[in-house]
Each structure stands twice: as C-alpha cells, then as structure tokens.
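Structure record follows, encoded as structure tokens.
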Amino acid sequence: MTSTVHRTCPLCEAVCGLTLTLDEGGHVTSVRGDKDDPFSKGFICPKGASLGRLDEDPDRLRKPLIREGDLWREVGWDEAFGAVKAALDQVGDRQSVAVYLGNPNAHSMAGALYGAPLIKALGTRNIYSASTADQMPKHVASGLMFGHPLAIPVPDLDRTDYLLMLGANPLESNGSLCTAPDFPGRLKALRRRGGRLVVIDPRRTRTAALADEHVFVRPGTDAYLLFGLVHTLFAEDLVRPSHEVNGLDQVREAAKHFPPESVARRTGVPAEVIVRLARELAAARTAAVYARIGTCTAEFGTLAQWLVDVLNVLTGNLDRPGGAMFPKPATEFAARRRPYQVGRWTSRVRGLPEANGELPVATLADEIETPGEGQVRFLLTIAGNPVLSAPHGDRLDAAFERLDFMVSVDPYLNETTKHANVILPPPRVLQSGHYDFALLGFAVRNYTRYSPPLLPLDGQPSEAQILARLAMIASGLEGDLDAFVIDEMLRKATETPGSGVEGRDVAELRDALDGESGGERRLDLMLRLGPYGEWAGKGDLSLRKLLDHPHGLDLGPLEPRLDEVLKTASRLIELAPPQLIEDVERLRSKLDEEPPEIVLIGRRHLRSNNSWLHNVGSLVGGSNTCTLQINPADVARLGLDGEAVVRSAKGQLTVPLEPTDTIMPGVVSLPHGWGHAGSAQSVAAEHAGVSVNTLTDESAIDVPSGNAVFNGVPVTISPTGVITAH
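1 is the number of the first residue of the sequence shown in full-length UniProt numbering; add one for each residue after it.
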C-alpha cells in the first residue's frame, strides 16, 4: 500500500511544490514536482528530488547527545534539557550568552515562529546569524531607503522586458531574495516574449550562458559599475523617477565622481558598455535591476544593493508592473513601526554596529576570545555550521573549544556541533509542518501554501517544542509559550486601527483559532489578520482554507503598493540615506586603486545548499565537487598542473584545479560549504573537500552592514611543493 501526499520543498528559496509517494512504513519511494501547484507548476530540481533520502539520512541524530570528554552519550529529552538548564543557571551575565542562527531557520516554520521569543527570553544582544555572511547589505539598504528591512523589491520576472542581473546565478541557486520556482523557465520566457537578459558576473555561469549578453566584471567592483550607470542617466538626462523622493540632488552629486571612463578602469567593463547598458535600462518599456550574493558579500555590498534600487527608482521602474515590485505576503500584518535604524548598539570588542538586531558574525570569535565583562562563554547554535560558513572559520573552530558551554539544535554531528556539550536534534522534515513565512515575502507572484506534518512524531518533541522549551528554561517561566505569544499578538491587533479586530475580545478571538499545534494556531492567526484574511475584511484566508487547498493558492500578480510599504519618517523614498552617502567617500577613495593580481570568489552548485546537503550520495560528485576554477591563461602563466596551493592573508589550501575559460583571468573560484575531513557524516567525509573560509578574513567587512567579505579576496596561487613568501 502506498499513499500520495503533497508538500512544499524546504531546501532552498524557490518554495516548489512536491508530490511524494510514501509506502505503508512512511518511507518516501518517489518525489515529483506538484503539477497542480499554481506557482511552481511541477518544476523540481535535484535537491527536491532527493528530499526522501535527506529526510531518512541514517546519519541524522534521533536522540539528544551529551558530550563527556571526547565521547558522546545518547540521553532522554528531560536529561538533555536538564543539562542545558543547569548550565544556563550558572550564567551570571546574560550578555555572556550568544546565539547563532543558521540559514535553515529561514526555511523552518519553527525557526520563524520561535526564534524571536527564545532570543527575548535569553536577554542577550549577542545575536549572530547567516544573514551577515549573506544578505545583510540588502536589508540595510532597503531599511534606510524604504523604512523597513524586509521591504525588498523583487524583479517582476513574468512581465519585465529587460532584466539586468549582477552577482546572481539562479540557474544554480534557484533564486535568492527573489522567490521564483522554475527561475530558468521564467528567464527563458522573458527572452521568448522579446525581452532582454543581461548578466554581469566574473564567471560565465549557467545563468550567464542563457543570457542575451554576459559582461565580465572584476569581483568586488559592482558598486563602481552601478554608479557608472547612475552617472550616465544623469549626464544624458535620462532620469525619470515615478515617485517623489528625498535626496535626488545628493545622488546626482555623488554620481559625478564615477564617470564611465574612470569606472571602466576599476571594473574591467568598457566605458561604452556601461553607457549602452544605462541607455538600454532607460529606454526599455519595463525593466528591473536585480543583484544578489556576489554583490552582497563584497567590500561595498550595501552601496551596491542601494544603487540597484536607485537605478530602479531613477528609471521609473520601482513599484510598477514589469519593474521591481513589493510582494504582499499572506501573513503580513501592517502594525505601526518606528523608522528603521542601524547601530542601536555595537559589539563589545570591535565596536561594530548592530543591524536588524544582529551583530556581524565576523566578530563572533573576538567576543569569545577577548576577556572582560560580557565575554561570550555560553553559545546556542540553531541549524548552523559557522565553522564552515563564517569568515576565517579555523579561528572560530578553535574559539569554540574555549566556551564554558555550548548547545546546538541540529540534526547532525558536524564541524560546528562537535564542540557542543548538548545536541538537541529536531525531527525529520516529514514530521514537521511547513510554511514559508520569510520566503513568500520575496515571491515574484503572491502565493500561499501550508504543508501539515505527514508523519507522527513518535514521542519525539517537534522543533517548535524544542525551541519553546529552551525559551521557557531561559525565561524561568512555566506555561504555554504559544498562548503567551497569541494573546500578545491579539492584544496588539485589537488595539490597531484598521486591523479588522479592533475593540474585539481577545479570548473570543483566541477560541476561534484552528490548528493541531501552537504553531498552526499562530499561523491561523497571522493568516486571518493578513491582507487576504477573513478578520482583516479583505478576503477569506485562514488555516482551514489552506488545508482544504493542499496544492497552494495563487493570490495574483504583484501590484503597486509603495504607499503601504513605506515606513520612513518622511513617508518618501529616502534616495540618499546619510549613512550611505558617507560611505560613498570610502568607495571614491579606492576608485584609482590597483586591483590585486588574483582574487578569490565563491560558487554555487545546483545540487548543494551550503554545508548540509553533502551527506546525500546522489547530490555529491559530478559537477558538485570542491575544485578551484581558474582560467587556462593563469594556469599556463603560473606553471600549474593538477592542483595548486592557494594562499591568503589568513591561511592556505591545496586544491584540485578545474581550468575553464568561463572564469575571467585574474579570478579563481572555490565553492563554499566544504571541508568535511574527519566528519561523523559518512558521505560528506568521503567527499570532504576543503573549506574556502580557511582563506577568508574576518577583519574584512562591508562597513554599513557588517557583512563579511567573501568575494574579491586577494590570494596567491603556486604549484604544490613550491614555497613562496606571502
């Protein structure tokens, strides 16, 4: 006997619908794309097709572990939580506690709902996440321009006539901060309808190969290139903003310092190409500029992300069909917010500013190693592997050994969790409910879907229950965390004009909620209060409706909504935030700087997602290997053969070479997430590779956001066995 079930894939940002076949023992026997999903329409990638093998990975932890010296002991849940409580009770200063949140939290219903209450209960400002190794520049730029860090416009892929893409490779990544299942199909459709796709990247990626035009650019110089485009728009009187803005003259003045001729020397992009691209953007009927991780993880990441939307504004393409638009997620609740700020506090050792309530992960090792009041002695990691994902990971690896106590919520014993005193494993994917709270806020079409648990927990606590119990331990309170949160949300809603429930009784509203768990009831509350919800008076959306529509619901194309989104004090787009105009001077000071001879960049693989998919046999090998891509001209010039030694200011690695003319001379590329030598994960250990973050520098950050710099890292390359001075 088999059964067919439907579920959203939780493995990347594309939120594809899956159709799974389970045998009577609950084992996945096949995975296909869900053809009835109105958003993904049957699209599936190799990661989604491997969901069953990932879910049943024999190396996944099933029970909590307590470390005793170099040995691990399986224990019951009460003993594990008791050990955590005993250690936390010994902490006198909660500022000596730190939390690290990994990338999978964005793909987890529990992470989205229970992370914030847990952090509040811990009472610490030492919060770190994968965001400052990835996307914080976009949040800071959007927050300063639009007043909210999640007010991120996305390209209206299905209607645009011209797409300019920088530092993104969605044919491998499936998209990022732009939720678009079947991104490849959407780009092909753009070209079929007569649109134009231009990709700017140091590598001729699979996405670049699909484009109408690929332009090589020196890594880390995207902000210069974008300023060259802005300069041209002003110089040729092509500026046509469709919204009232603050700061237009300040942007014009800043752009004067970046004429295409000067920018060309810095970026390697010919001046005539820069001028032509600016003219094409201005002339297109509709157009959008989109940039992602390659531009974020650079020295001027926030300036680059700011200039992306400056271009969208100046060409009149912000908040219009076919341009860059703001999605309307089903769980959005428009409560009052203060205008966005950064730097509300700073890190203890390096004085780095907070952004979005987080400190840069680039300074986590400083906070652990440096004695004094507030020194981090207790660390909680949730679904993260910063030893492999954070800059200068070798230093973090050593720093974690110095902690008094470490707790990890994670399904694996990996390069980071091996340092924990207690590991609390969440249940399998199919035992957990799934709703994409974060990712649907970046969707290129408004859409919603909920996947309830498919298999029973069999006595194991859910991930939500694990995080909720940690929050209650940290707070010293007893009771139902979900009840506390629901009542607080309802109280705020009943006090908010226009919510649809203002003045109503909290208890009455609470009793009306549906759901088998606290997480489901909270989801029901958010759906009912959201822009399509039955309580908001604008629709009939609720948890019950989603359960009745297991393939998901199409909520329509993106629509102009800037007035709803803007949260700035002026209620205008702040085109020239002072913090960014100030950073322009830093950019200007390096305009004539000679580039390093060779720089290192990262790389995405279609069958990989950071470090946690390397333990599935079907996803490793082939193109998904840890090699150093290098231009054949550099191979010949440096006398290389087979493998080479890569050295940076922080470390060195010996890596197999992959000569290819798809990467520009003077640039080498190494994928991230590898470095599994000696891992307890059997498949990953057989395909260990090396960690690129042995080479990256934790002192190099994007100043406004604190984001780590992973692209444009100066390196030297030499044959193995050759000793060179560095």
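The C-beta atom is built at its ideal place from N, Cα and C for all residues, glycine as well.
Residue from the options whose Cα sits closest to the Cα of residue i
| i | options | result |
| --- | --- | --- |
| E643 | D583, T720, G17, L606 | T720 |
| D212 | L144, P219, R204 | R204 |
| L558 | R206, D319, R504, G111 | D319 |
| A189 | V215, P219, T221, D156 | D156 |
| E478 | D540, G500, A121, A116 | A121 |
| W563 | H231, H551, A151 | Before going further, note that residue 563 is Asp rather than Trp in the sequence given. Out of H231, H551, A151, A151 has the C-alpha closest to the C-alpha of D563. |
| residue 779 | L177, N421, D511 | Since the first residue shown for the chain is 1 and the last is 726, residue 779 is missing from the structure and cannot be characterised. |
| G220 | L171, D702, V407, A390 | D702 |
| R32 | G25, E24, K47, G26 | K47 |
| W535 | R571, T494, G268 | T494 |
| R510 | L527, Y532, I486, R350 | I486 |
| S242 | G102, T331, L311, F227 | L311 |
| I573 | F146, A83, I127 | F146 |
| V230 | K567, N246, H257, V215 | H257 |
Pairwise C-alpha distance: residue j and residue i
| i | j | result |
| --- | --- | --- |
| R192 | Y447 | 25 Å |
| A365 | P386 | 11 Å |
| L11 | A680 | 22 Å |
| A80 | E68 | 13 Å |
| G175 | A14 | 6 Å |
| A180 | R186 | 8 Å |
| L455 | A507 | 32 Å |
| A398 | E369 | 10 Å |
| G706 | T21 | 45 Å |
| V5 | S648 | 49 Å |
| G301 | V683 | 35 Å |
| H726 | V713 | Residue placement at H726 is flagged as unreliable, the pLDDT there being 48, under the threshold of 50; the coordinate-derived value follows with that caveat. Those two C-alpha atoms are separated by around 14 Å. |
| V616 | L396 | 26 Å |
| P391 | K650 | 10 Å |
| L403 | A98 | 11 Å |
| V28 | L54 | 10 Å |
| M325 | S570 | 20 Å |
| F400 | N609 | 24 Å |
| P38 | E502 | 34 Å |
| S618 | L118 | 36 Å |
| G167 | V215 | 11 Å |
| E272 | A106 | 41 Å |
Three-state secondary structure assigned by DSSP to residue i
| i | result |
| --- | --- |
| A483 | helix |
| T132 | helix |
| Y114 | helix |
| G33 | strand |
| G17 | strand |
| M145 | helix |
| D201 | coil |
| residue 752 | In the structure as shown, the chain begins at 1 and stops at 726. Residue 752 is therefore absent and cannot be evaluated. |
| I152 | coil |
| V310 | helix |
| Q465 | helix |
| G500 | coil |
| S50 | coil |
| H726 | Unreliable positioning characterises H726 in this predicted model, as indicated by a pLDDT of 48, which lies under 50. A coordinate reading is not provided. |
| E272 | helix |
| Q681 | coil |
| A420 | coil |
| P714 | strand |
| L529 | helix |
| Y447 | strand |
Short Cβ contact (8 Å threshold) for residue i with residue j
| i | j | result |
| --- | --- | --- |
| G372 | E354 | no |
| L233 | L314 | yes |
| R240 | G115 | no |
| residue 727 | P704 | Outside the modelled stretch of the chain, which goes from 1 to 726, sits residue 727, for which no answer is possible. |
| V199 | M165 | yes |
| V269 | L225 | yes |
| residue 728 | L547 | The chain is shown only over 1 to 726; residue 728 falls outside these bounds and no answer can be derived. |
| E358 | S129 | yes |
Bridge partners - residue i, DSSP secondary structure assignment
| i | result |
| --- | --- |
| P656 | E643 |
| F378 | V97, F405 |
| H6 | T19 |
| W72 | R67 |
| L163 | L197, A288 |
Proximity test, residue i beta-carbon vs the ligand FAD heavy atom, cut-off 7 Å
| i | result |
| --- | --- |
| P259 | Absence of the ligand FAD from the depicted structure is noted, as is the absence of any ligand whatsoever, leaving it without description. |
CB contact below 8 Å: residue i versus chain D
| i | result |
| --- | --- |
| A110 | Protein chain content of the structure displayed is limited to a single chain, and chain D is not contained in it. |
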